[in-house]
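According to this note's numbering, the stretch in the sequence shown is residues 1307 to 1486, in order. From the three backbone atoms N, C-alpha and C, an ideal C-beta is built for every residue, glycine too. This one's a predicted model, so the numbers in the text were calculated from it and none came from an experiment. Reviewing the structure listed below.
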Amino acid sequence: MMLQPDTSWLWYFDEEHQKLALKLTDDMVFVTPYANKRLTHLPAAKGDGFDLQDLESYTRYAHQLDAALPEMTPPEKTQIAINACAVMRFFKLQAPKSWYFKRHRYAGHHHQLATIHTEDGEARVFVLDEQEDVCNIMLLDEQFSLSSTKTLQQFDVLKVHLDCLLPCVSRYSSMERKLA
């Protein structure tokens, strides 16, 4: 079971790691992969509470992840959901980077899960949000090479046009589980 969100959680900037972090309890801290240069603003010095919008986003992402990725462990899904909340609240989103990816006539996503394709490969992404013809996506794979000089790392975020996405179904479908 994934962690249940709580309004006592506290966003803050972890000076030691130089990353945005979320204090879950006095003994448990989640450090995101997001450095100061990627954030629009930092939490207040004493921290920013995990607010109602964060709670709603986390719950929505948790349901989408459960539907799309049944093979993924609850801690992995929790990590994605918390990172997604961090991105939507603090991240400096940029212009679309669609030129790296192949465009598709029948594009889309399934339960917020999609694949993106370059000339050299494909990667799974989680669709964080969608506006008209663009969306913000988070890389789920460990890394993905966009070019000889640019590689995305897990949980990196990009904005792309919707026609860059192809629907992706879980690699471990319910049919495979029944046969195992």
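(request) Assign Met1444 to buried or exposed, taking buried as 16 or more other Cβ atoms, counted over all protein chains shown, within 10 Å of its Cβ. (result) So Met1444 counts as buried.
(message) Is it the case that the segment 1341-1352 contacts the segment 1368-1380, given that we only count it when at least three CB pairs across the two stretches are under 8 Å?
(response) Because the criterion of three Cβ pairs below 8 Å is not met, the segment 1368-1380 and the segment 1341-1352 do not touch.
(request) Answer yes or no: the CB of Pro1349 versus the heavy atoms of the ligand SAM, is any distance below 6 Å? (result) For the ligand SAM, the structure offers nothing, since it holds no ligand at all.
(request) Go ahead and label Pro1376 buried or exposed: buried means 16 or more other beta carbons lie within 10 angstroms of its beta carbon, across all protein chains shown. (result) Exposed: under 16 other Cβ atoms inside 10 Å.
(request) Within its chain, find whatever has a CB closer than 6 Å to the CB of Ser1451; leave out the 5 residues flanking it on each side and keep chain order. (result) If you ignore the 5 residues before and after Ser1451, its C-beta comes within less than 6 Å of the C-beta of Thr1457, all in its own chain and listed in chain order.
(request) Taking only runs that begin and end inside the segment 1373-1455, name each unbroken beta strand (DSSP E) of 3 or more residues, in chain order. (result) With a minimum length of 3 residues, the continuous beta strand (DSSP E) runs that stay inside the segment 1373-1455 are 1419-1423, 1428-1437, 1440-1445 and 1449-1451.
(message) Going by DSSP in three states, Lys1352 sits in which element: helix, strand or coil?
(response) DSSP places Lys1352 in coil when its eight states are reduced to three.
(request) Just grab the DSSP bridge partners of Leu1330 for me. (result) Bridge partners of Leu1330: none, in fact.
(message) Under 8 Å, with one C-beta from each stretch per pair, do the segment 1360-1374 and the segment 1318-1327 reach the 3-pair mark?
(response) A contact between stretches requires three or more CB pairs, one per stretch, nearer than 8 Å, and the segment 1360-1374 fails this requirement with the segment 1318-1327.
(request) Rank Leu1419, Val1433 and Gln1459 by C-alpha distance to the C-alpha of Thr1338 and give the top, closest one. (result) Answer by Cα proximity: Gln1459.
(message) Let me make sure I understand the geometry here. Which of Met1307, Pro1473, Met1308 and Trp1315 has the alpha-carbon closest to that of Ala1392?
(response) Closest option to Ala1392, Cα to Cα, is Trp1315.
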